[in-house]
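Notes follow the structure.
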Amino acid sequence: MSIKTHKERSAAEEAQRYLENARTILSEKAGKKDGLYADVKYVKMASGTAYSAALLILDEFLKQKEGIHFKKPTSIEDYIARVRKYDKKLLRLLANVYDELHLAGYYHGTKSVDTIQLGLSNVTKMLNYIAN
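Using the working numbering, the letters of the sequence shown correspond one by one to residues 1 to 132.
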């Protein structure tokens, strides 16, 4: 069994790896009780990792749509404007993931298990949507 390097993995494989890492961080480090995570540090870490998976997915999507004209977006506003041109469903998923993982999870450090799990689920939907 050979281990692929970062450059050998597809964007989807890399995004899946990030998502699995985020889930592992939450299950092994964050601790859950009564629908809340115990350690915000790990919630923030996992949220940032999962949000990075979403950005990898979006970069690949935009590369496919824009071809040689692709330039990596520099802000969430840039992602939103460019994704809006091509796909409204993906745009809605992006808006949700941004709110759930980037703002609530990473930036504000929510302890809500439901919010973070919804964000992870939406990243998975993005991944599945792009793969199909």
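Quick reminder that beta carbons are idealized off the backbone N, C-alpha and C, glycines included.
Remember, it's a predicted structure, so these values are computed and weren't measured experimentally.
Item: If you scan the region 63-89 from start to end, which runs of the alpha helix (DSSP H) of 4 or more residues do you find wholly inside it?; Value: 76-86
Item: Can you name, in chain order, every residue of its own chain whose Cβ lies under 8 Å from the Cβ of A12, other than the five neighbours on each side?; Value: I57, E60, L127, I130 and A131
Item: Please state the DSSP three-state secondary structure of S10.; Value: coil
Item: If we ignore side chains and look at the alpha-carbon of each, how far apart do E14 and K33 end up?; Value: 31 Å
Item: Does the beta-carbon of G119 have 16 or more other beta-carbons within 10 angstroms, so that it is buried, or is it exposed?; Value: buried
Item: Could you check what DSSP says for K33 in three-state terms: helix, strand or coil?; Value: strand
Item: Which same chain residues end up closer than 7 Å to Y106 when comparing Cβ atoms and leaving out the 5 residues on each side of it in sequence?; Value: K44, S47, G48 and Y51
Item: Measuring alpha carbon to alpha carbon, tell me which residue in S121, V123 and G109 is nearest Y37.; Value: G109
Item: Considering only DSSP beta bridges, list what S27 is partnered with.; Value: BP columns for S27 are empty, so no partner.
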